[in-house]
Amino acid sequence: GAGVSQSPSNKVTEKGKDVELRCDPISGHTALYWYRQSLGQGLEFLIYFQGNSAPDKSGLPSDRFSAERTGGSVSTLTIQRTQQEDSAVYLCASSLAENYGYTFGSGTRLTVV
Amino acid sequence: AQTVTQSQPEMSVQEAETVTLSCTYDTSESNYYLFWYKQPPSRQMILVIRQEAYKQQNATENRFSVNFQKAAKSFSLKISDSQLGDTAMYFCASEANSGYALNFGKGTSLLVTP
Chain A
6 GAGVSQSPSN KVTEKGKDVE LRCDPISGHT ALYWYRQSLG QGLEFLIYFQ
56 GNSAPDKSGL PSDRFSAERT GGSVSTLTIQ RTQQEDSAVY LCASSLAENY
106 GYTFGSGTRL TVV
Chain B
57 AQTVTQSQPE MSVQEAETVT LSCTYDTSES NYYLFWYKQP PSRQMILVIR
107 QEAYKQQNAT ENRFSVNFQK AAKSFSLKIS DSQLGDTAMY FCASEANSGY
157 ALNFGKGTSL LVTP
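Sequence order for the protein chains is A and B.
With our numbering applied, the first sequence has no gaps in its numbers, which climb one by one up to 118 at the end.
With our numbering applied, the second sequence has no gaps in its numbers, which climb one by one up to 170 at the end.
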């Protein structure tokens with residue numbers, strides 16, 4: 006596609022429920038990244054994909070968080086048993102090559118009530 | 057590890073004036089890249105400017121330019137002829153040449169007033 010597409014744009018969920026956030030990167034971009042943006046906390050790196058593999062999952066905050074990428078394209082970030090502290094904007098980005106800067110999506114605002 | 061510090065949480069500038077946003081960073085890498093991103097209320101992060109650390113020349117993109125002081129580890133963004141559409145959060149970020157994850161500062165909220 007022309008840009009990085011994320012869905013849903015906004016998600017409100019009850020504490021304890023599972024949520025799936027989707028990212029559709031720019032066609033041909035082999036690298037894909039997930040970041041979390043919490044109020045007053047800046048952007049926090051979660052995970053990086055090169056193709057379908059995730060060489061760096063070090064940013065995932067707990068084992069409730071997981072992500073996958075299929076076909077070298079769409080990625081899904083899953084949060085199980087959501088907690089209120091998971092409330093944040095989840096941003097996805099893709100890039101054609103490292104060090105050239107990313108193209109970001111508009112994010113998913115997750116609110117856990 | 058790389059850290060990025062933006063010491064100005066909020067700034068304000070009048071339309072058509074010039075404003076400079078500060079950023080300092082700390083890195084042990086010999087080569088790295090620096091970026092400024094803009095995040096308007098739409099939430100989408102937009103790349104404003106990119107600087108390769110091994111290049112002495114300051115990067116420029118239209119009204120946006122940087123003052124890169126490698127020894128001081130400073131990377132400030134100058135916005136000339138400010139426009140109302142420049143109102144946004146601005147994030148400074150670094151990336152190691154050997155890496156892929158961007159390290160972001162906490163951002164500066166810029167308000168451009170008529």
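We treat Cβ as the ideally placed atom computed from N, Cα and C, and that holds for glycine.
Chain A residues whose Cβ lies nearer than 7 Å to that of residue i
i              : result
A127 (chain B) : Correct list: empty, because the minimum Cβ distance to chain A is about 22 Å.
M101 (chain B) : L96, F109
K162 (chain B) : G47
Beta carbon of residue i nearer than 8 Å to that of residue j
i              : j              : result
R114 (chain A) : V94 (chain A)  : yes
P170 (chain B) : L140 (chain B) : yes
S99 (chain A)  : Q11 (chain A)  : no
T87 (chain A)  : V24 (chain A)  : yes
E227 (chain B) : Y81 (chain B)  : Nothing in the structure corresponds to residue 227 (chain B), since chain B is present only between 57 and 170.
Y93 (chain B)  : V104 (chain B) : yes
Q42 (chain A)  : L96 (chain A)  : yes
Whole-Å CB distance - residue i paired with residue j, under 8 Å assumed
i              : j              : result
G38 (chain A)  : Y105 (chain A) : Checking the sequence, you will find Tyr at residue 38 (chain A) rather than Gly. Their Cβ separation, rounded to whole angstroms, is 13 Å, which puts Y38 (chain A) and Y105 (chain A) out of contact at 8 Å.
G161 (chain B) : Q62 (chain B)  : 4 Å
Q64 (chain B)  : T164 (chain B) : 5 Å
Cross-chain neighbours of residue i in chain A, by beta carbon under 8 Å
i              : result
A157 (chain B) : Y38, F50, Y53, D61, G64
N123 (chain B) : Result: empty, since nearest Cβ-Cβ is about 19 Å, beyond 8 Å.
DSSP state of residue i mapped onto helix, strand, coil
i              : result
D29 (chain A)  : strand
D5 (chain A)   : Look at the range of chain A in this structure, 6 to 118, and you will see that residue 5 (chain A) is not part of it.
E71 (chain B)  : coil
Q89 (chain A)  : helix
D142 (chain B) : helix
R41 (chain A)  : strand
Y93 (chain B)  : strand
Closer than 9 Å at the beta carbon, the chain A residues around residue i
i              : result
F147 (chain B) : G47, L48
N118 (chain B) : Under the 9 Å cutoff, chain A gives no residues; its nearest Cβ is about 16 Å from N118 (chain B).
Check your understanding: Quick one, which residues of the stretch 94-112 of chain A are near chain B if we go by CB-CB under 9 Å, in chain order?
Key -> Answer set for the stretch 94-112 of chain A: V94, L96, A98, S100, E103, N104, Y105, G106, Y107, T108, F109, G110, S111, G112.
Review point. Mind listing which residues of the stretch 29-57 of chain A have their C-beta closer than 9 Å to chain B's C-betas, in chain order?
Key: Those would be A36, Y38, Y40, Q42, G45, Q46, G47, L48, E49, F50, Y53, Q55, in chain order.
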